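What follows is a short report on a single structure.
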Amino acid sequence: MKPLISLPEDLTPQTHWLETCWAWTPEETLVDHSTKARLCAAALLPFQDGQPDWGGFTRSIRWMLKAADYYGVELVPVLNADTGYIFQLDNAMYAEVLRRFRAEFPELRFIAGVTARGAEGDSEFQAERYRPLMDIVQQHDNCEVMLMTSKRLNALGPERRRDAYYALAEWLVRPGIVHALEPAFVSWATPYEPWLLWQLALHPKFVGGKISTLDEPHLLYWAAMCRALKLDFAPHSGDDFGIPSAIKMGLPLLIGAAVTGAPWICAAKDMWLNDDAPGKRFPTDTGGFDTRVYKVFEAVQSLEDQVFRLDANHSAAAYKHSTAHALKQLGILASNESHPMCHDLRGADESARMEEALRRPIRIAQKLGIPYGA
């Protein structure tokens, strides 16, 4: 039997994850009852009468902050990512979102998504396509730049993709977060090979990365590698279908699910900690963690499984419409509209579906005293 790779110098650009020891590391060996990692919430840009609902935008962020403050969780809003309709925003509106956020929250750290602009007719990757949005974001202090994957970037082989990310890093004056997807999200997407992840983790300007997966546990692979090699690089889970795993491993979440599930996610983060963990807000007085957290896990995941449910084409892209419906049900938004140029919409019964999806988490919140109101 061929031995599994455990040393980074044995990796090649062609190495597959299943050839490494990190792909065979059980989640149970990575359990962490002492780290309350940050929650990066991909903020929804809500709409009413076809225009951005700036009041609702602010209320939804304050609602998440209220839960985070109550449970002592660091909350970092993620602006202008997929949940914020980055692919429907022109540069002026993109900048306006950041300006309005900073006016309302002058000290709050944020992450902003950036992607390639005007690359539709390109035959090969051009790093300069990322520059306009990077320049807009980096006018602000106390922020991080998430380099969202794009079709031409993703098409590069591991070595050229590494070089492309390094070229983008030359323009970073704020900390960078890299971003990978499985093809379950877009057909052309491919997650990072282990060699590529290692190479990106070594770059001093990249503080972490987000991995969004449906079909393979890449967050587990990333966590096992980064922990074993003591890499100064934070894996952020983008898996809205696997929220408890990140909490159990003490890893950050970077998800749109936080926009509807923030009270339950923040509660679970605190409940999972042992009493002597730094930042524990509500001790159990037993020394251990609150085992009722398993029911909170089930409740928030049952909600997000409905918000992010797959359509007949196996796409969850309409989750933004479900999110607006859920936030209206919770009394945070006045309208359940999506961006007028977004065609990923749910059916006429979505309001009733979200009311049903919220019943279990609200029941658990009432049972355990989790504040969830607007």
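In this note's numbering, the protein residues as written are 3 to 376.
Glycine is no exception: its CB is placed at the ideal position from the N, C-alpha and C atoms.
Remember, predicted model here, so these are calculated numbers, not experimental data.
One question on the structure: do P185 and T22 come within less than 7 Å of each other, judged by their Cβ atoms?
One-based indexing of the sequence shown puts residue 185 at position 183. One-based indexing of the sequence shown puts residue 22 at position 20. Cβ distance not < 7 Å, so P185 and T22 don't count as in contact.
Simplified DSSP state of M3, which is helix, strand or coil:
Walking along the sequence shown from the start, residue 3 turns up at place 1. Judged by DSSP in its simplified three-state form, M3 adopts coil rather than helix or strand.
Given M148, which residues of its chain have a CB within under 6 Å of its CB, disregarding the five upstream and five downstream residues?
Locating residue 148 in the sequence shown gives position 146, where the first residue counts as 1. Leaving aside the five residues that flank M148 on each side, the residues in its chain whose CB is nearer than 6 Å to its CB run, in chain order, I113, G115, I179, H181.
Grab the span of the alpha helix (DSSP H) containing C42 for me, first residue to last.
Here residue 42 refers to the residue found at position 40 when the sequence shown is read from its first residue. Judged by DSSP secondary structure, C42 falls outside any alpha helix (DSSP H) and instead within the beta strand (DSSP E) spanning 41 to 44.
Cβ-Cβ distance between I366 and K297 below 7 Å:
By one-based count along the sequence shown, residue 366 stands at place 364. By one-based count along the sequence shown, residue 297 stands at place 295. Yes, these two residues count as a Cβ contact at 7 Å.
If you drop the 5 nearest sequence neighbours on each side, which residues of the same chain put their C-beta closer than 6 Å to that of Q140?
Stepping through the sequence shown from its first residue, residue 140 is reached at position 138. These residues qualify, in order along the chain: V175, R176.
From the DSSP output, read off the bridge partner residues of L81.
Within the sequence shown, numbered from 1, the residue matching residue 81 stands at position 79. Beta-bridge annotation (DSSP): L81 is paired with A114.
Out of Q128, Q303, S214, which one is the CA nearest neighbour of K153?
Within the sequence shown, numbered from 1, the residue matching residue 153 stands at position 151. Selection Q128, Q303, S214 evaluated against K153 yields Q128 as nearest (Cα-Cα).
At the level of alpha carbons, what is the spacing between L81 and M150?
The residue labelled residue 81 in the question sits at position 79 within the sequence shown. The residue labelled residue 150 in the question sits at position 148 within the sequence shown. When rounded, the distance between both Cα atoms is 12 Å.
Name the DSSP bridge partner or partners of H1?
Here the chain comprises residues numbered 3 to 376, so residue 1 is not present and cannot be evaluated.
Jot down the residue ranges of each uninterrupted alpha helix (DSSP H) in the stretch 197 to 275, minimum 4 residues, whole runs only, in chain order.
Counting only runs of 4 or more, we get 220 to 230, 245 to 250, 260 to 273.
If you draw a straight line from the C-alpha of D278 to the C-alpha of W65, how long is it?
Sequence index remark: in the sequence shown, residue 278 carries index 276 (1-based). Sequence index remark: in the sequence shown, residue 65 carries index 63 (1-based). Taking the Cα positions, D278 is about 28 Å away from W65.
Determine contact between the stretch 226 to 233 and the stretch 255 to 264, defined as no fewer than three beta-carbon pairs at a distance below 8 Å.
Under the Cβ criterion (8 Å, minimum of three pairs), the stretch 226 to 233 does not count as touching the stretch 255 to 264.
How would you call M343, buried or exposed, if buried means at least 16 neighbouring beta carbons within 10 angstroms?
Taking the first residue of the sequence shown as 1, we reach residue 343 at position 341. Looking at its Cβ environment, which holds fewer than 16 other Cβ atoms inside 10 Å, M343 is exposed.
Alpha carbon to alpha carbon, how far is G210 from A225?
Counted from its first residue, the sequence shown places residue 210 at position 208. Counted from its first residue, the sequence shown places residue 225 at position 223. When only Cα atoms are considered, G210 and A225 end up about 11 Å apart.
Between the Cα of G289 and those of W190, R163, H35, spot the shortest distance and give me the residue it belongs to.
As a first step, residue 289 must be located in the sequence shown, where it is residue number 287. For the options W190, R163, H35, the alpha carbon positioned closest to that of G289 is the one of H35.
Report yes if the CB atom of L41 is closer than 7 Å to the CB atom of L255, and no otherwise.
Looking up residue 41 in the sequence shown gives position 39. Looking up residue 255 in the sequence shown gives position 253. The answer is yes: Cβ separation under 7 Å.
Cut-off 8 Å between Cβ atoms - residues of its own chain near K207, not counting five sequence neighbours on either side:
Walking along the sequence shown from the start, residue 207 turns up at place 205. Cβ within range, chain order: A171, L174, P177, G178.
Output needed for E76: all residues of its chain with C-beta closer than 6 Å, excluding positions within five of it in sequence on either side, in chain order.
Start at 1 with the first residue of the sequence shown, and residue 76 comes out as number 74. By the criterion of a C-beta distance shorter than 6 Å, E76 is surrounded in its chain by R40, once the five residues flanking it on both sides are discounted.
Out of curiosity, what's the CA-to-CA distance linking R61 and L347?
Along the sequence shown, read from residue 1 onward, the residue named residue 61 stands at position 59. Along the sequence shown, read from residue 1 onward, the residue named residue 347 stands at position 345. Going from the Cα of R61 to the Cα of L347 covers about 23 Å.
Decide if N338 is buried, meaning its Cβ has at least 16 other Cβ atoms within 10 Å, or exposed.
Here the question's residue 338 lines up with position 336 in the sequence shown. Answer is buried; the Cβ neighbour count reaches 16.
8 Å Cβ shell around R361 - same chain, five flanking residues per side excluded
Looking up residue 361 in the sequence shown gives position 359. Correct list: empty, nothing qualifies.
Can you check which of these residues, R311, A97, Q90, is closest to G120 by C-alpha distance?
Along the sequence shown, read from residue 1 onward, the residue named residue 120 stands at position 118. With distances taken between Cα atoms, G120 lies closest to Q90.
To the nearest angstrom, how far is the alpha carbon of H327 from that of P15?
Against the sequence shown, residue 327 aligns to sequence position 325. Against the sequence shown, residue 15 aligns to sequence position 13. Whole-angstrom Cα-Cα distance: 44 Å.
The beta strand (DSSP E) enclosing L149, as first and last residue numbers
Here the question's residue 149 lines up with position 147 in the sequence shown. Residues 145 to 149.
Sort K212, D287, D165 by Cα distance to L183 and report the nearest one.
Looking up residue 183 in the sequence shown gives position 181. When the alpha-carbon of L183 is set against those of K212, D287, D165, the nearest one is in K212.
Taking the C-alpha atoms as reference points, what is the distance between Y96 and L253?
Translated into the one-based positions of the sequence shown, residue 96 becomes position 94. Translated into the one-based positions of the sequence shown, residue 253 becomes position 251. About 29 Å.
Could you pull the start and end residues of the alpha helix (DSSP H) that P28 belongs to?
On the sequence shown, position 26 is the one that residue 28 refers to. Neither: P28 is in no alpha helix (DSSP H) and is coded neither H nor E.
To the nearest angstrom, how far is it from the Cα of F291 to the Cα of L135?
The residue labelled residue 291 in the question sits at position 289 within the sequence shown. The residue labelled residue 135 in the question sits at position 133 within the sequence shown. Note on geometry: alpha-carbon atoms of F291 and L135 lie some 43 Å from one another.
Which one of P219, P79, P160, L110 has the shortest CA to CA distance from A43?
The count along the sequence shown starts at 1 and reaches residue 43 at position 41. Minimum Cα distance to A43 is reached at P79.
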